[in-house]
Structures are given as structure tokens and as C-alpha cells.
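Chains as they are written, first to last, in the numbering used here: chain S, 1 to 146; chain P, 1 to 146.
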DNA sequence: CTTGAACCTATAGCCGCTAGAGATCCTATC
DNA sequence: GATAGGATCTCTAGCGGCTATAGGTTCAAG
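Below, the structure written as C-alpha cells:
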């Protein structure tokens, strides 16, 4: 049996995060020692590793919840997992293209900066006047801007 | 003079967001009409457009605060603005390479999925076992995961 | 037996908004 | 002038995914 500290170390997850996962029901309520401290077995370690890896791949906690429940039913078809992963991939792709546009714009801004005063600073100028932008990097409603 | 609704429309910013910006001091407290409603002039419209464009480029509100105060001192050298923009570019670049790694990993996961049951689903398997990953996409301490 | 690290709970804060309640104001139409 | 309905006002709470702090308890080593 692992204490919460050992579990966190083994899974690469911070202790308060583990407690948070328990709180939101992503991890089951842990067994407790005589002194009321959480104790974990191998199963929870695996579950936590699964969560961590999924987070590293950018999945939202709600998606992870669903993936976890899928992984508990081994004889179901895996189409549902596929759908979630494809959605995530699409999301990552959208993010990448958005960020590429930002990179271009920032690069152009900086390239044209003559390192003079604010009055003729291209950086400040571009920020104040969207018309100076090559792209329409609006993408309103596409989720967080970065 | 513009009402808050017209201002928001003209700048492409939602009304509650404008009030929020005022609350955190990014916009100055607005003039008020006889009936206590906010009224704005051209200067605030420009300021709000500056903010919006900066947000579209992913700058944090604190950076924008600084950029705004720089833009108010036209005869200062623009090196400070340059530093902020370069930092932002570096941040965007880090984000992009992280997302590219995620994309690769997600793509590989999906490519190898045989569309069978969960039990032999590569997606679920990879999520549970980090060793199956080609990359180390950890990047702990590099800010939010996505 | 004492120290100090690790644990416990509970609460508040981070960012950048967004949503809701309930009240007030402004404008257009009858 | 009345009335409807949109736009505005303030205030508070919530989102995601944690992180930090305070103040207390338990545990393991010396």
C-alpha cells in the first residue's frame, strides 16, 4: 500500500492534485489507515498514470473520465475511445494552426521594428491597428485564444 | 459618445468583458450619463481595440497593461515593447512544438487502432502505459498542458 | 520523547472571462 | 403619457485544473 506521497511520486502527480482528483470523482475515495491517511494500491497507481498521460496529451478531465470508464469495459467496441481521441486530435490541429498564425504575425511585427522610440515602433503600431495585419487571426468562438 | 454596447460592437468585445477590463484597471473608469450609464469616446475605443488585438495575439492582460502604458509614452525607446513581444513569440514557439508532439502521438495512437474492442484498443493501451510512447511529452513546468 | 516531515481538512486564489439575478434606464410605439 | 422591451446597472458565483495557505494531526527516525 502506498501513501499519497509515494503514489504521487510514482505517478508523477502532485499530492494536492491527487486529492483534487478524488474530490471530483476521477479517483475513487481511498482506503484510510488507522490514522485517517489515504492508502492506495496498484490499481489506483495505474489509474492515476492513465490520467496523467491523458492530461499530457491534452485531454480534458471530462474526456478522461469517459476514457477511464471505457477502459473498465474491455469487451465493448473501442469506437467511442476513437471518437474522443479524434476529437482531441482535431482540437490540437486547430490550436496549432492558430498558433502558427500568431507566430507569423509576431515575427512580422518584430522584424519590422526599427528599435527606435515608441512613436515609430511597429510593434505598438500593429497592436493598435488591426488593419496592419496580414491575417485575420480572429477565430472567435474557437475556445481560448491561446 | 458611445454606450457600452456600441463600444463593444465597434471593438469586437463583449459588454461584460469591457466592464471586467474596467474593474481590473485595464480601462479607465468611464464617464457616466445622467442615468449612470457608461459613456465612451474615441480614445477608449482605440484603447479597447489595442487590447483586443493584443489578446488575439495571445498576450496576457498584464503584458497588455505594460504595452498600453508604453504606448502612452511615445518618446521612450521601444526596447521594452520589443522584449515583451519577443517573450510572447518564444512562448508561442514553445506551445507550437509541444502541440506538434501531441499531434504526432495522437496520430500514432489512432493509426494503430484496429477498431476492435477496448481490450485490444491501442488508444486505451497507450494512455495507460506511457512506455508505449515514442516521445517524452512531459514538459513539466512549461505552463498549462494545452 | 522529541523533532520534523508528511499527512489531514477547509478555504481562497489563479486567469480571463461568462452567466445569472434583480433592479434601473432609455427608446419606440400607441 | 403609458407601456413594452431592450439595454444597462450592480453584485455574486462559476468555469477548468489546479495551486497555495492556514492550522491541525500522524508517523517514522534518532
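Note that the Cβ used here is the ideal one computed from N, Cα and C, for glycine as well.
{"query": "Residue 30(P) versus residue 40(P): straight-line alpha-carbon distance, rounded", "result": "6 Å"}
{"query": "Interface residues of chain S facing residue 128(P) [CB-CB closer than 8 Å]", "result": "46, 49, 50, 53 and 71"}
{"query": "CA-to-CA distance, residue 132(P) to residue 112(S), given in whole angstroms", "result": "45 Å"}
{"query": "Contact under 7 Å by Cβ, residue 24(P) with residue 4(P)", "result": "no"}
{"query": "Rounded C-alpha distance that separates residue 149(P) from residue 55(P)", "result": "Outside the modelled stretch of chain P, which goes from 1 to 146, sits residue 149(P), for which no answer is possible."}
{"query": "Residue burial classification, residue 109(S) (beta-carbon count within 10 angstroms, cutoff 16)", "result": "buried"}
{"query": "Identity of the residues DSSP links to residue 77(S) by a beta bridge", "result": "117(P)"}
{"query": "Alpha-carbon spacing of residue 74(P) relative to residue 14(P), whole angstroms", "result": "29 Å"}
{"query": "Same chain only: Cβ atoms within 6 Å of residue 2(S), ignoring 5 sequence neighbours per side", "result": "40"}
{"query": "Rounded distance between the beta-carbons of residue 92(S) and residue 103(P), thought under 8 Å", "result": "5 Å"}
{"query": "When 26(P), 46(P) and 32(P) are compared against residue 9(P), the one with the closest alpha-carbon", "result": "46(P)"}
{"query": "Reference residue 48(P), options 34(P), 58(P) and 28(P), closest by Cα", "result": "28(P)"}
{"query": "Heavy atom of the ligand NAP within 6 Å of residue 52(P) beta-carbon", "result": "For the ligand NAP, the structure offers nothing, since it holds no ligand at all."}
{"query": "Residue 107(S) beta carbon less than 7 Å from that of residue 77(P)", "result": "no"}
{"query": "Cα-Cα separation, residue 127(S) to residue 94(S)", "result": "23 Å"}
{"query": "Cα-Cα separation between residue 79(S) and residue 115(P), rounded to whole angstroms", "result": "6 Å"}
{"query": "Residue 59(S) vs residue 88(S) beta-carbon contact at 7 Å", "result": "yes"}
{"query": "Cβ neighbour criterion (16 or more within 10 Å) applied to residue 71(S)", "result": "buried"}
{"query": "Residue interval of the alpha helix (DSSP H) (run including residue 122(P))", "result": "122-128"}
{"query": "Run of the alpha helix (DSSP H) containing residue 8(P), from where it starts to where it stops", "result": "4-11"}
{"query": "Helix, strand or coil at residue 26(P) [DSSP, three-state]", "result": "coil"}
{"query": "Reduced DSSP category for residue 57(P) - H, G, I as helix; E, B as strand; rest coil", "result": "coil"}
{"query": "Proximal residues of chain S, C-beta to C-beta of residue 106(P) below 7 Å", "result": "57, 85, 88, 89 and 92"}
{"query": "is_contact[residue 112(S), chain P] using C-beta, thresh 7 Å", "result": "no"}
{"query": "Cβ neighbour criterion (16 or more within 10 Å) applied to residue 119(S)", "result": "exposed"}
{"query": "CB of residue 34(P) within 7 Å of CB of residue 123(S), strictly", "result": "no"}
{"query": "Whether residue 52(S) touches residue 12(S) by CB criterion (7 Å)", "result": "yes"}
{"query": "Closer than 7 Å to chain P by CB, residue 123(S)", "result": "yes"}
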